[in-house]
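Peer 1: Handing you this structure, nothing more for now.
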Amino acid sequence: MKRPWASLARGPVVQSAGLLVGIIILGQFASGDPYWVGLITTGTILYILAASLNLLFGYAGLFALGQQGLYAVGAYLSVIIGIHLSSLPWIVDVIGAVLGSGLIGFLLALPTARLRGEYLALATIAFGAGVQAVLTVWINVTGGPDGLPDVPEASLFGHAVVPGSQEFLWITAVGAALTFLISAWMIGSRLGRSLRALRDNPLASQAVGINPVVTRSIAFAAAGAMAGLAGALFAAQQLFISPDQFDFTLLIGVLVAVLIGGAGRRFGPIIGAIALTALQKATNGLGSMEGVIYASLLALVILGLPGGVSGAGEALVRRLRSGKAAGIAGAGVAGPVVAPDIAAANGTVGAAGSGIAVANGAVVANGTVVHDTFSHSSPDGRALTIDNVSVQFGGVKAVSDVSLTVRRGEVVGLIGPNGAGKTTLVNIATGVLRPSRGEVRLGDEHLTGLSAHVVSRRGVTRTFQHPQLSPALSVQENVMLGLDRASTATLGEAILHLPRSRADERRFRAEAVSLLERVGIAHHANALAGSVPYGVQRRLEVARALACDPDFIFLDEAGAGLSEEERAELIHAIQEVASSHKGPGIVVIEHNISFVRQLCARSVVLVGGSVLTTGETDTVLRDERVVDAYLGGPAAAESDVAEITAGPSRG
Amino acid sequence: MGTIISILVDALAFGGVYALLAMGFSVILRSSRVAQFGAGYVALVGGLALAHLSPGLPEWISLILTLVIGAVLGIVLFLAIAKLGAFFGASETSLSIAALALGLLIGSIIDKATSAAVQTAPLFVNGYVTISGAAIEWNSFFTIGATSVVLIATYFLVGRTMLGKAMTAVCRAPSVAAASGLRIDLIVCASWMIGTALMTYAGAVLTPMSPISSDSVLALALKGFAGAIIGGVDRPAHAAAGALLLALADTLFVRYVSGGLEDLFVFGLVFVLLTLRPGGLFGSERIRYA
Amino acid sequence: MADVAQLSVEGLEVGYGRAASVVNDVSLELGTGKETVILGPNGAGKSTLLLAIAGLLPVRSGRISLHGTDITSASPHERVRLGLVLGLEGHRVVNELTVEDNLRLSLYSIGGRWSRREVKERVERSLGRFEILGKYRKRLAGTMSGGEQQMLVMARLFITDASVLLVDEPSLGLSPLIIKRVYEMLGEARQAGKSTVVVEQSANDVLRGSDSSYVLRNSRLQKFDAGASREELARAYLG
Chain U
3 MKRPWASLAR GPVVQSAGLL VGIIILGQFA SGDPYWVGLI TTGTILYILA ASLNLLFGYA
63 GLFALGQQGL YAVGAYLSVI IGIHLSSLPW IVDVIGAVLG SGLIGFLLAL PTARLRGEYL
123 ALATIAFGAG VQAVLTVWIN VTGGPDGLPD VPEASLFGHA VVPGSQEFLW ITAVGAALTF
183 LISAWMIGSR LGRSLRALRD NPLASQAVGI NPVVTRSIAF AAAGAMAGLA GALFAAQQLF
243 ISPDQFDFTL LIGVLVAVLI GGAGRRFGPI IGAIALTALQ KATNGLGSME GVIYASLLAL
303 VILGLPGGVS GAGEALVRRL RSGKAAGIAG AGVAGPVVAP DIAAANGTVG AAGSGIAVAN
363 GAVVANGTVV HDTFSHSSPD GRALTIDNVS VQFGGVKAVS DVSLTVRRGE VVGLIGPNGA
423 GKTTLVNIAT GVLRPSRGEV RLGDEHLTGL SAHVVSRRGV TRTFQHPQLS PALSVQENVM
483 LGLDRASTAT LGEAILHLPR SRADERRFRA EAVSLLERVG IAHHANALAG SVPYGVQRRL
543 EVARALACDP DFIFLDEAGA GLSEEERAEL IHAIQEVASS HKGPGIVVIE HNISFVRQLC
603 ARSVVLVGGS VLTTGETDTV LRDERVVDAY LGGPAAAESD VAEITAGPSR G
Chain Z
-10 MGTIISILVD ALAFGGVYAL LAMGFSVILR SSRVAQFGAG YVALVGGLAL AHLSPGLPEW
50 ISLILTLVIG AVLGIVLFLA IAKLGAFFGA SETSLSIAAL ALGLLIGSII DKATSAAVQT
110 APLFVNGYVT ISGAAIEWNS FFTIGATSVV LIATYFLVGR TMLGKAMTAV CRAPSVAAAS
170 GLRIDLIVCA SWMIGTALMT YAGAVLTPMS PISSDSVLAL ALKGFAGAII GGVDRPAHAA
230 AGALLLALAD TLFVRYVSGG LEDLFVFGLV FVLLTLRPGG LFGSERIRYA
Chain R
126 MADVAQLSVE GLEVGYGRAA SVVNDVSLEL GTGKETVILG PNGAGKSTLL LAIAGLLPVR
186 SGRISLHGTD ITSASPHERV RLGLVLGLEG HRVVNELTVE DNLRLSLYSI GGRWSRREVK
246 ERVERSLGRF EILGKYRKRL AGTMSGGEQQ MLVMARLFIT DASVLLVDEP SLGLSPLIIK
306 RVYEMLGEAR QAGKSTVVVE QSANDVLRGS DSSYVLRNSR LQKFDAGASR EELARAYLG
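Chains as they are written, first to last, in the numbering used here: chain U, 3 to 653; chain Z, -10 to 279; chain R, 126 to 364.
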């Protein structure tokens, strides 16, 4: 039975109001004792900072370790604006700090847009340390190492608000509530989906047209703005700021908070802020033991509790609900040593890079160019033309002078033995690889050389040899990734949860479900994409590709790993899609020949990187040359048979 | 002339230390895919060891002992991070943070256990020599020598011995390595031993010149990482070269431009190099892109 | 003398991640000096089967025995030590090491069994046997052609005197001359009493001389009569 109040309780507005009220009530308990009120205030400011790091580190999966720099920028900006423009109310100082830090965050994202992992970590560490250095050195503006002692007090409507007071706590509580609300809205919007998709699966993100640089820059700007807010509040609380308050150890503290609470989770920063504040209070008297406890906790949480307290809490709730034992998050693989590149190359959802089979290293076969002349002209829509493309890897031609034309509504098979270059061709057609020669055209539009996400937006999309999904998003949300680009609301409207964006969301949710129905997996809509059966994942990828409303789809071994019934269902779904009004042109790459026979009226055979022949599927499969390609050359065949029938093993 | 020599000696002395850190970082990263962000604290262990060993023993024995201590610590870290982490199924990012966390832990334990906030040790060699009017400490030459020996030895270890070649195989072609029967576990453990030993040695060599403390090691480690990434994190030799170049640039800047702006210069340089040449100055292949 | 099974595989089931099993209920027995050929369309799971037998992939169920010893959960290292070696698909070698070092790696992995002198002798013998390799001994393996790399793979398979050789598509993308040489070597191996399992996509060269042949199709092994016609084989592949 539906429990409306439960879903209401999950709503961000209610929750953030709850947060606000909770903090205020907490303050009431401590009223009278400025020390305790101050502690709660500090904890609240820490929450805001942790939330900003959570956005980058947890949700966007970026190894961004420079947040203390943006925090410092916020603090200093608010003070400097306050000092130089003292006639303006304090709230303007805060807004200035927020905007300024947001801008710096954005500017930080641009040059680092291509970095990931330890490279991004280093760049952001350098940024954070650099900010500290600038603050130390720019004495005229920042007061240098001695800092700025005359921080203007916080004030609201003319009243000065003293740190340690209830009023100050309320102000920070409002800041915290706003941070919570906007974070939740952001993550629930298409921006949040894009961020998590980029985090979990850059390949899939490319295929649905997500622009990594833009998405990342916005995340950095938002995180910067939040850190700036925290900084401004911090300055007003301390009434004194100096560069050494913003060093790397501060970041480590915030990181601990995020990890303990649970990275990439809504309540993570709250739990983390509470835990860290409590921890700091508890270890205050212990002197150097503090560091030991701190660090041990961090190590334990990282190794043993990958989801932090939130994650453990969620797992517990799931277990209580389902009554079955939930597995340990990420239990290790038992058994003999698995060579990592093998497992990755043949592996599971989220194995980055497995969709691109680089070095399908086949030797050049006799590269006769066979033009695709069989397709009949179709009245509607432009054709996708792959024109004489070639590409080589280290001297070996993976694809050699291949031409292929597909029209909308057609289903064309692309077959050939292992290493023939089929996936490489798809990579070329979708912009993942740049051909050394030849062109890819959509009608008259040139697609050659455009990035994969741009090609996707122009109307050519694909699925991968192994399903590339965002495992942390639900099945429905994965499909919405493809729909998001049709959004009419701007990103700003999405972040602020304005009506037009809400309408889009509702529309997309419904459309996603109908797409899932088309491929027969609608009943899995709310399950996490990482937890559904393989067959469902495969079909989810197809649904997501359809969501992009493409003119052309490349299905790379969409049937692999499916059971007989699942394959039949998939075939049915593909036929239905292709034959629908304004249906896309579909290229099916398959090893399973019966799959191809059932689906594709026309097929192209690729051998050794070149087109061997093309034509009606049944005809092609009877072609001696094709049989040879699969079985080996004809010349030996007769002698094979003769020798075998002649007697047992030689020698 | 004398100034130039003095600058060069300074740069090489400190550069050698950073190069050791960079090399250790690279060796561990390429075999186990974990970024040992706790390198600074490992160096602190080396400094601590030297501080306690040097009063009673000849310098070279204490230094060799720090290598041994580092190797043992490497085994411990390998078990804690690589093995335990694999058991819990932690990702490489988590393991890198775990490495930092364990480093912090080590640092805190050291702070708690020792009374000294800063580790100091007497110079390896006292006195100075005057060259072209500049007074250069003998200790600096000793440092250069001590770091060079180990850097060169490691270069040969990684490039010329079968162990080193096995490490390369594990790093570049893990499935071929496994199919050839190599014991991947042992090889990864060996790289942790070597990498960690390099880091403790670096800390030990540094301490007489510049006393080491748990506060100062972060900046030290940062220079090591920066050098490694700038030079090319996949090849230990490149990583070391990157660190040396960084030290040279740093020293030149401090002498000729401004000492106060040193940090800004180093961080700015690191940032710019990363954005322009993410693959490292010498072009490393294993770059992670968004 | 009774034909003792060198390699025995029973009811093997292997799969990746959460996908349906790629290899289902596969059983094989290999006697001394025998060659088994496994054919099948690509994507069928032939490589997967070999990887699992070699220990580079975990098995979901089933048993693998080598000379009577159960090795189902043994590490790849142990299997090599006991005499089972695998030549990977795509003539993979360690590109960044020289030909000589690639060979030494296999001997190094079973450290202690041979003295330095013996190691040197084995490497020399290997390089001498495969003329191409001898010429390129100091060259980085990654700079050689596919055929030359396949020679290196074969040399690696022989250098430890392994008794069971698993070879994955040794003829893929190679010239007929090289393919001929590869199969000659496999013939020599069998004469020396080694057992071989060869996985191939194309049927030509392989069918001659094999003692038993199978097609891996729909994750299962179908015994394939070496006397079958080309049409039957085509049907097995192309449906």
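Where a beta carbon is used, it is the ideal one built from N, C-alpha and C, also for glycine.
Does DSSP put ILE(-7)/Z in a helix, a strand or coil?
Peer 2: Looking at ILE(-7)/Z - three-state DSSP - the assignment turns out to be helix.
Peer 1: Could you round the C-beta distance between LEU483/U and ARG546/U to whole angstroms and report it? I think they count as a contact, below 8 Å.
Peer 2: Right, the Cβ-Cβ distance comes to about 6 Å (below 8 Å), so this counts as a contact.
Peer 1: Measure the C-alpha to C-alpha separation of GLU211/U and HIS526/U and round it to an integer number of angstroms.
Peer 2: First, the residue type needs correcting, since residue 211/U is Gly and not Glu in the sequence shown. Answer to the nearest angstrom: the Cα atoms are 24 Å apart.
Peer 1: Would PRO295/R pass as an interface residue toward chain A - the criterion being a Cβ-Cβ separation below 7 Å?
Peer 2: Within the model displayed, chain A is absent; protein chains U, Z and R are what it includes.
Peer 1: Within 7 Å of any Cβ in chain U, is that where the Cβ of THR264/Z sits?
Peer 2: Cβ-Cβ to chain U under 7 Å: yes for THR264/Z.
Peer 1: Rounded to the nearest angstrom, what separates ALA287/Z and MET188/U at their Cα positions?
Peer 2: What the structure shows of chain Z is the stretch from -10 to 279, and residue 287/Z is not part of that stretch, so it cannot be assessed.
Peer 1: Could you give the distance in angstroms between the alpha-carbon of VAL393/U and the alpha-carbon of THR425/U?
Peer 2: So the alpha carbons of these two residues sit roughly 12 Å apart.
Peer 1: Closer than 8 Å, Cβ to Cβ, to anything on chain R: give me those residues from the segment 510 to 544 of chain U, in chain order.
Peer 2: Flagged, chain order: PRO535, TYR536, GLY537, GLN539.
Peer 1: Quick one: is VAL414/U buried, meaning 16 or more other Cβ sit within 10 Å of its Cβ, or exposed?
Peer 2: Under this definition VAL414/U is a buried residue.
Peer 1: For the candidate residues SER198/R, HIS216/R, ARG229/R, whose alpha-carbon lies nearest to that of LEU171/Z?
Peer 2: Ranking the options by Cα distance to LEU171/Z, first place goes to ARG229/R.
Peer 1: Near LEU237/Z, what residues of its chain come up, given a Cβ to Cβ distance below 7 Å and the 5 sequence neighbours on each side ignored?
Peer 2: For LEU237/Z, where only same-chain residues beyond five positions count, the Cβ hits under 7 Å are ALA0, GLY4.
Peer 1: For SER18/U versus ALA232/U, is the C-beta spacing smaller than 7 Å?
Peer 2: Not a contact, by the Cβ cut-off of 7 Å.
Peer 1: Using a Cβ cut-off of 8 Å, which residues of the segment 40 to 68 of chain Z contact any Cβ in chain R, in chain order?
Peer 2: Listed in sequence order: no entries.
Peer 1: How is TYR61/U classed by DSSP in three states: helix, strand or coil?
Peer 2: Reduced to three states, the DSSP call for TYR61/U is helix.
Peer 1: Just the chain R side, please: which residues come within less than 9 Å of SER164/Z by C-beta, in chain order?
Peer 2: By Cβ distance, chain R contributes LEU176, LEU181, LEU213, ARG217.
Peer 1: Under the three-state reduction of DSSP, which class applies to ALA106/Z: helix, strand or coil?
Peer 2: Coil.
Peer 1: Distance, Cα to Cα, GLY357/U vs CYS160/Z?
Peer 2: In this prediction, GLY357/U has a pLDDT of 25, which is less than 50 and means its spatial position is unreliable; nothing more can be read from the coordinates.
Peer 1: Looking only at its own chain, which residues have a Cβ that is under 7 Å from the Cβ of SER185/U, when we skip the five neighbours before and after it?
Peer 2: Excluding sequence neighbours, SER185/U sits near ALA53, LEU57.
Peer 1: Pick out the complete beta strand (DSSP E) segments inside the segment 515 to 569 of chain U, 3 residues or longer, and give them in chain order.
Peer 2: Taking only runs of at least 3 residues, the beta strand (DSSP E) segments lying wholly in the segment 515 to 569 of chain U are 554 to 558.
Peer 1: Residues bridged to ALA123/Z by DSSP?
Peer 2: The partner list for ALA123/Z (beta bridge, DSSP) reads ILE120/Z.
Peer 1: Quick one: what's got a C-beta closer than 6 Å to GLU571/U's C-beta in the same chain, skipping five residues either side?
Peer 2: So the qualifying residues of the chain are GLY522.
Peer 1: Does the Cβ-Cβ distance between LEU177/R and GLY563/U come in under 7 Å?
Peer 2: Note that residue 177/R is Ala in the sequence shown, not Leu. No, they are not a contact pair.
Peer 1: In chain Z, what lies closer than 7 Å to TYR233/R by C-beta?
Peer 2: Neighbours of TYR233/R on chain Z, chain order: MET151, ALA155.
Peer 1: Please state the DSSP three-state secondary structure of LYS348/R.
Peer 2: Strand at LYS348/R.
Peer 1: Quick one: using the 10 Å Cβ neighbour count with 16 as the cut-off for buried, is ASP95/U buried or exposed?
Peer 2: Classification of ASP95/U: buried, given that the 10 Å Cβ count is 16 or more.
Peer 1: Are the beta-carbon atoms belonging to VAL629/U and ILE417/U less than 7 Å from one another?
Peer 2: Cβ atoms of VAL629/U and ILE417/U: not closer than 7 Å.
Peer 1: Do the segment 183 to 196 of chain Z and the segment 49 to 61 of chain Z touch if we need at least three Cβ pairs shorter than 8 Å?
Peer 2: These segments touch.
Peer 1: Let me know if GLY20/U comes out buried or exposed under the rule of 16 or more other beta-carbons within 10 Å of its beta-carbon.
Peer 2: Exposed: under 16 other Cβ atoms inside 10 Å.
Peer 1: Is the Cβ of ALA144/R closer than 7 Å to any Cβ of chain U?
Peer 2: Chain U contact via Cβ: present.
Peer 1: Assuming GLY433/U and VAL457/U are in contact, meaning their beta carbons sit under 8 Å apart, how far apart are those beta carbons, in whole angstroms?
Peer 2: Correct: roughly 4 Å between the Cβ atoms.
Peer 1: Give a yes or no on whether 7 Å exceeds the smallest Cβ distance from VAL665/U to chain R.
Peer 2: Nothing about residue 665/U can be reported from this structure: the residues present for chain U run from 3 to 653 only.
Peer 1: Select from LYS319/R, ARG262/R, TYR339/R the residue whose C-alpha is nearest the C-alpha of PHE283/R.
Peer 2: It is LYS319/R.
Peer 1: For GLY(-9)/Z, is the classification buried or exposed, using 16 other Cβ atoms within 10 angstroms of its Cβ as the cut-off for buried?
Peer 2: Result: exposed.
Peer 1: THR161/R lies in the beta strand (DSSP E); which residues open and close that run?
Peer 2: Start and end: 160 to 164.
Peer 1: Please compile the residues from chain U whose C-beta is within a distance smaller than 7 Å of the C-beta of GLY248/Z.
Peer 2: Chain U residues near GLY248/Z: none, gap ~11 Å exceeds 7 Å.
Peer 1: Going by DSSP, what residue range makes up the alpha helix (DSSP H) through ALA166/Z?
Peer 2: Taken as a continuous stretch (DSSP letters only), the alpha helix (DSSP H) holding ALA166/Z covers 163 to 168.
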